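Residue numbers (my numbering), protein chains in the order written: chain V, 16 to 200; chain U, 16 to 200; chain L, 16 to 200.
Right under this line is the structure:
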């Protein structure tokens, strides 16, 4: 059979931190970062304490879920919206001035179809400078969202999105160039 | 660059209530309206106390999230399903006999592409009498869902949906007329 | 009018258990099964206590929501991912070696378009052996997902998915055959 989950093992997967650190993070996530309480500053401080590299001027809203803070990089002046879920078994690298809207889901884990043991495959996600993930969007493992690209509300990126393009659909395809801002710089 | 989030300001955005009222509402939402506890009546009473206009015979299920109750209008005999998320920075006006199914998300906030300061743009949503948003659907800012229209499970409305049509997809397009009810009236 | 929610009644719907059992289950769900606490074993024990038939080697992750445990069947070595939502007003039957990924939503309830009283219609869902529902997928009432079929991330199945096919989109269509595992058996 194609899929024999009893043969699955993720013993080769390196979680990056000892179990007690992960347990502590799970607790901090439940009580603070992923909670409904307001406040971006404390969220950032806690994520950094667990190894996240987060730039200046970043905003992190309530309900944000991060799997492994030690595999999260966020550039200056980026926003992570309410209830965004960063499921980063592999590194998620978010550039500067990126907007991750509410309810977005970033998936870095998949499974190997070529083996019936359904081996875990992880692949990083990169959100390049100035891109915008709309509300309730989904991004598949290994995807790079190009600089200033836009993924519209409810869409799903399963392959790289070209820079500066507006992309829509499940799976998302580029539909038109993003209009340039008419303001200076 | 197209998107300079450090230049963003939403100082021009009028939240409609003083900060202490909003804080109180956040608390009421966490403890009651958006909680998992059963009971429609108390939810409606609390929403009304914060300025929502809600008709008679309305049902509001557990886990429902409302951003600003003072920008919510719900007509008679309408239903708001479990975990629906009404993110109403602008007014959401729901007509009579409307069914908003579980997990639906109504988005009223976007950003101005023409300015690199990424200014907040809000636009109201109207759900006309007798329409039906299926489970896990999404509705974009400014959209009107026509009377008796249906948005099918998992679909995303980014433009107006014509009355009486079944609409599917991300983005949703009308696919066929909704069959008329064969019962009287 | 097409939809008169004031005429709705679900008095004909049989919930399968007395109200006090359902209330007890709601409590157990909030406090344990659907909570963020880790631990698959206790979740399975509780679900079984409320009538679920669950095979051996099954894994159930945090945040999983089940409407009626007494209408849930899960085969050996299957996985139910984080925050999956099994909204089983009708029976959901999950075969062996099935992977239901995080955030998947299984919907068994709809409404009768031919009557303006919007009568509740329920229809079972079957996930056949070795199939895989990707993250944030949706499955509509009455759908059978064929053996070893795959529904890709963010997609919505509104009709049966053929065995062994990879299916994508909202609504999902088969796009190509799933590659056979090259490992033995």
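The beta carbon of each residue, even a glycine, is placed where N, CA and C say it ideally should be.
Source: prediction; values computed, not measured.
State the CB to CB distance for the pair residue 137(V) and residue 104(V), rounded to an integer number of angstroms; the pair is presumed to be in contact (CB under 8 angstroms).
About 5 angstroms; that satisfies the 8 angstroms criterion.
Using a Cβ-Cβ cutoff of 8 angstroms, what residues of the region 17-37 of chain U are near chain L? List them in chain order.
If the cut-off is 8 angstroms between Cβ atoms, the region 17-37 of chain U has nothing near chain L.
Leaving out five residues on either side along the sequence, give the residues of the same chain with a beta carbon under 8 angstroms from the beta carbon of residue 51(L).
Result list for residue 51(L): 77 and 78, in chain order.
Using a C-beta cutoff of 7 angstroms, does residue 170(L) count as contacting chain A?
Here chain A cannot be found, since the structure's protein chains are V, U and L.
Would you please verify whether the beta carbon of residue 153(U) is less than 7 angstroms from any beta carbon of chain V?
Yes, contact with chain V.
Would you list the one or two residues that DSSP bridges to residue 130(U)?
Answer is none; residue 130(U) lacks a bridge partner.
So residue 192(V) is in the beta strand (DSSP E); what residue range does that whole segment cover?
Element bounds for residue 192(V): 188-192.
Given residue 97(U), which residues of its chain have a CB within under 8 angstroms of its CB, disregarding the five upstream and five downstream residues?
Same-chain partners within the cutoff: 76, 77, 78, 79, 117 and 118.
Taking only beta-carbon positions, decide if residue 51(V) is within less than 7 angstroms of chain U.
So, interface residue.
Starting from residue 174(L) and walking both ways along the alpha helix (DSSP H), at which residues does that stretch end?
From DSSP, residue 174(L) is part of no alpha helix (DSSP H); its letter is neither H nor E.
Mind checking if residue 190(U) is an interface residue toward chain L, Cβ cutoff 7 angstroms exclusive?
Not an interface residue.
Hey, residue 59(U) and residue 45(U) are a contact pair by Cβ (cut 8 angstroms); roughly how many whole angstroms apart?
So it is not a contact: roughly 17 angstroms between Cβ atoms.
Could you tell me the alpha carbon to alpha carbon distance between residue 109(V) and residue 32(V), rounded to whole angstroms?
If I take the Cα positions, the gap works out to 21 angstroms.
For the ligand COA, I want to know if residue 183(L) counts as a neighbour, meaning its beta carbon is within less than 6 angstroms of at least one of the ligand's heavy atoms.
The ligand COA is not part of this structure, which contains no ligands at all.
Just the chain V side, please: which residues come within less than 7 angstroms of residue 195(L) by C-beta, in chain order?
Ordered by position in chain V, the residues that pass the 7 angstroms Cβ test against residue 195(L) are 17.
Alpha carbon to alpha carbon, how far is residue 191(L) from residue 167(U)?
Using only the alpha carbons, I get a separation of about 25 angstroms.
Please identify the residue among 86(U), 160(U) and 81(U) whose C-alpha is closest to the C-alpha of residue 29(U).
When only C-alpha atoms are compared, the closest one is 86(U).
Going by C-alpha distance, which of 195(V), 198(V) and 148(V) is nearest residue 187(V)?
Nearest C-alpha to residue 187(V): 148(V).
Please determine, among 65(U), 194(U), 95(U) and 111(U), the residue with the shortest C-alpha to C-alpha distance to residue 40(U).
Nearest C-alpha to residue 40(U): 65(U).
In chain order, what residues of the same chain have a beta carbon less than 8 angstroms from the beta carbon of residue 180(V), not counting five sequence neighbours either side?
Same-chain partners within the cutoff: 161, 164, 165, 189, 190, 191, 192 and 193.
Measure the Cβ-Cβ separation of residue 21(U) and residue 126(V) and say whether it is below 7 angstroms.
Cβ atoms of residue 21(U) and residue 126(V): not closer than 7 angstroms.
Using the beta-carbon count (16 or more within 10 Å), is residue 54(L) buried or exposed?
Looking at its Cβ environment, which holds fewer than 16 other Cβ atoms inside 10 Å, residue 54(L) is exposed.
Does the Cβ of residue 124(L) have 16 or more other Cβ atoms within 10 Å, making it buried, or fewer, making it exposed?
Result: buried.
In angstroms with no decimal places, state the Cα-to-Cα distance between residue 42(L) and residue 134(U).
Taking the straight line joining both Cα atoms gives about 44 angstroms.
How would you call residue 155(U), buried or exposed, if buried means at least 16 neighbouring beta carbons within 10 angstroms?
Answer is buried; the Cβ neighbour count reaches 16.
Which class does residue 37(L) belong to by DSSP, given the choice of helix, strand or coil?
Residue 37(L) falls in the helix class under three-state DSSP.
Of the residues 150(V), 24(V), 122(V) and 132(V), which one's Cα is nearest the Cα of residue 141(V)?
The candidate whose alpha carbon is nearest that of residue 141(V) is 122(V).
Check residue 27(V) in the structure and name its three-state DSSP category.
Correct three-state label for residue 27(V): coil.
Along the chain, where does the beta strand (DSSP E) that runs through residue 141(U) open and close?
Note, residue 141(U): beta strand (DSSP E), 140-142.
When the cut-off is 7 angstroms and only beta carbons count, does residue 92(U) lie next to chain L?
Yes, its Cβ sits closer than 7 angstroms to a Cβ of chain L.
Given a threshold of 16 other Cβ atoms within 10 Å of its Cβ, counted over all protein chains shown, does residue 34(U) qualify as buried or as exposed?
That one is exposed.
Could you work out which residues of chain V lie near residue 162(U), taking near to mean beta carbons separated by less than 7 angstroms?
The contacting residues do not exist; residue 162(U) stays about 23 angstroms from chain V at best.
Within 10 angstroms of the Cβ of residue 111(L), are there 16 or more other Cβ atoms? Answer buried if so, exposed if not.
By the 10 Å Cβ count, residue 111(L) comes out buried.
Drop a sphere of 10 angstroms on the beta-carbon of residue 57(L), count the other beta-carbons inside from all chains shown, and report buried for 16 or more, exposed for fewer.
Per the 10 Å Cβ criterion, exposed.
Looking at the structure shown, is residue 116(U) part of a helix, part of a strand, or coil, going by DSSP?
Note: residue 116(U) maps to coil in three-state DSSP.
Comparing the C-beta of residue 128(L) with each C-beta of chain U, is any distance below 7 angstroms?
Closer than 7 angstroms: yes.
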